[in-house]
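Residue numbers (our numbering): 195 to 553.
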């Protein structure tokens, strides 16, 4: 079990925040938090607000807007460099949606479960903005389908964790809102416990201060899944075309299926390693693991084809489509969580030149 002390930090990414930021910082100070605010390129208009904030918190500044994910990583890098890792970090939205009382509850849960990622779960009732309810429902469903982990609020910005998590969090790719979902995906892949605790749901002015762009950022959130599906579908089409052609030319079911699978699997490995999961793991290692998976899927696929065609008397092409569909989800899960695990290098490491500290 990880060891943590009683020192706790509130990390607040802020882009064009409201005037309530100062009151929030004062409340966090009174609750025993050390606030760290990241001004994500809000501009000169907000300079006086952040100058006032610097009286109550450490304030870091991006010269231009770089996204919530980058702001969080900037803050995490600063916390690691300044305070080390033996503490509690609670991430907090600057738009007034989270209460300090809930942040305290998150902190206490991290203290009780230092090996877990703690999420503040909002109860999104009909009073919540429709786009928030819709976006959260979609991402929760996708997350459950592709990880097996059931969550009820994947978009919450109120999260708590031990500072020991920071090195891992800095390696996770994503610059905008997709970063927060990538953190959850990475945690699920590495079997890090994710615990949800109910929190109050606060919306100010129908959430007008939120900068979540539903369509654009939702696409960013699911882009890896979309790309994997596109890659798999492309190779699936190649597989089916070669299978049909070779079956017509040779009349041999196994030769047609094995030959088509070898070609499509090789193409799929190249696409997934280079463009989908962007793995930096040794090519020999991932290739060996991938083709062991491909061999296992081939054996299962061929056995199922034999059953469907020779015993159930299903049409050969229909049987091929059904077999490929059934093995699709097994293929994705093993590649995502076993073969192409997170690389040891962050995609875009945080550099000192990316931010400045306000006095």
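Where is the CB? At the ideal position from N, CA and C, for every residue including glycine.
Check: Can you list, in chain order, the stretches of the alpha helix (DSSP H) that have 4 or more residues and sit fully within the stretch 331-377?
Finding: Runs of the alpha helix (DSSP H) inside the stretch 331-377: 360-364.
Margin query: Bridge partners for residue 227 per DSSP, in chain order?
Written below: 202
Note to self: Rounded to whole angstroms, what is the Cα-Cα separation between residue 354 and residue 305?
What the structure shows: 10 Å
Check: Pick from 477, 328, 395: whose alpha carbon is nearest that of residue 315?
Finding: 395
Margin query: Quick check on the burial criterion: 16 or more other C-beta atoms within 10 angstroms. Buried or exposed for residue 524?
Written below: exposed
Next item on the list: Classify residue 505 as buried or exposed, calling it buried when 16 or more other Cβ atoms lie within 10 Å of its own Cβ.
Entry: Exposed, by the Cβ-count rule.
Margin query: DSSP three-state label for residue 260, please.
Written below: The three-state reading of DSSP puts residue 260 in coil, since its state is none of H, G, I, E or B.
Note to self: Pull the bridge partners of residue 312 from the DSSP assignment, please.
What the structure shows: In the DSSP output, where bridge partners are listed per residue, residue 312 has 354, 389.
Check: In chain order, what residues of the same chain have a beta carbon less than 7 Å from the beta carbon of residue 480, not counting five sequence neighbours either side?
Finding: 467, 473, 533, 534
Margin query: Taking the straight line between their C-alpha atoms, what separation do you get for residue 264 and residue 515?
Written below: 42 Å
Notebook entry, point to check: Any chance the CB of residue 449 is under 8 Å from a heavy atom of the ligand PLP?
Noted result: Among the ligands in the structure shown, none appear at all, so the ligand PLP cannot be discussed.
Next item on the list: Hey, could you find the ends of the alpha helix (DSSP H) residue 298 is sitting in?
Entry: Where residue 298 is concerned, the enclosing alpha helix (DSSP H) starts and stops at 294-306.
Checklist line | As assigned by DSSP and simplified to three states, the class of residue 395 | finding: coil
Check: From what residue to what residue does the alpha helix (DSSP H) around residue 449 run?
Finding: 447-465
Item checked: Where the beta strand (DSSP E) containing residue 282 begins and where it ends -> 282-285
Next item on the list: Return yes when the Cβ of residue 310 is within less than 9 Å of the Cβ of residue 341, no when it is not.
Entry: Taking 9 Å as the Cβ cut-off, residue 341 and residue 310 do not qualify as a contacting pair.
Next item on the list: In angstroms with no decimal places, state the Cα-to-Cα distance between residue 273 and residue 511.
Entry: Approximately 57 Å between the Cα atoms of the pair.
Margin query: At the level of alpha carbons, what is the spacing between residue 278 and residue 357?
Written below: 7 Å
Notebook entry, point to check: residue 482: which of 498, 496, 464 sits nearest, CA to CA?
Noted result: 464
Check: Going straight from the alpha carbon of residue 517 to that of residue 345, what length do you get?
Finding: Taking the straight line joining both Cα atoms gives about 30 Å.
Note to self: Which same chain residues end up closer than 8 Å to residue 258 when comparing Cβ atoms and leaving out the 5 residues on each side of it in sequence?
What the structure shows: 235
Item checked: Alpha carbon of residue 222 to alpha carbon of residue 230, nearest angstrom -> 11 Å
Checklist line | the stretch 208-215 contacting the stretch 288-295, beta-carbon criterion three pairs below 8 Å | finding: yes
Margin query: Please state whether the Cβ-Cβ distance between residue 390 and residue 313 is less than 9 Å.
Written below: yes
Check: Between residue 455 and residue 363, what straight-line distance do the alpha-carbon atoms span, to the nearest angstrom?
Finding: 37 Å
Note to self: Applying the 10 Å Cβ sphere with the 16-neighbour rule, what's the burial state of residue 431?
What the structure shows: exposed
Next item on the list: Would you mind stating whether residue 228 and residue 204 have Cβ atoms separated by less than 9 Å?
Entry: Note that the C-beta distance between residue 228 and residue 204 is below 9 Å.
Next item on the list: Compute the Euclidean distance between the alpha carbons of residue 152 and residue 434, then round it to the nearest angstrom.
Entry: Residue 152 lies beyond the range of the chain shown here (195 to 553); nothing can be said about it.
Item checked: Euclidean distance between Cα positions of residue 387 and residue 442 -> 51 Å
Notebook entry, point to check: Buried or exposed: residue 350, going by 16 or more other Cβ atoms within 10 Å of its Cβ?
Noted result: buried
Notebook entry, point to check: Who are residue 253's beta bridge partners in DSSP?
Noted result: 231
Margin query: Give me the residue from 392, 502, 336 with the minimum Cα distance to residue 378.
Written below: 336
Check: Nearest to residue 361 by CA position, among 280, 417, 393, is which residue?
Finding: 280
Check: Given a threshold of 16 other Cβ atoms within 10 Å of its Cβ, counted over all protein chains shown, does residue 497 qualify as buried or as exposed?
Finding: By the 10 Å Cβ count, residue 497 comes out exposed.
Note to self: Let's see if you can read the secondary structure: which residues bound the alpha helix (DSSP H) around residue 514?
What the structure shows: Note, residue 514: alpha helix (DSSP H), 510-528.
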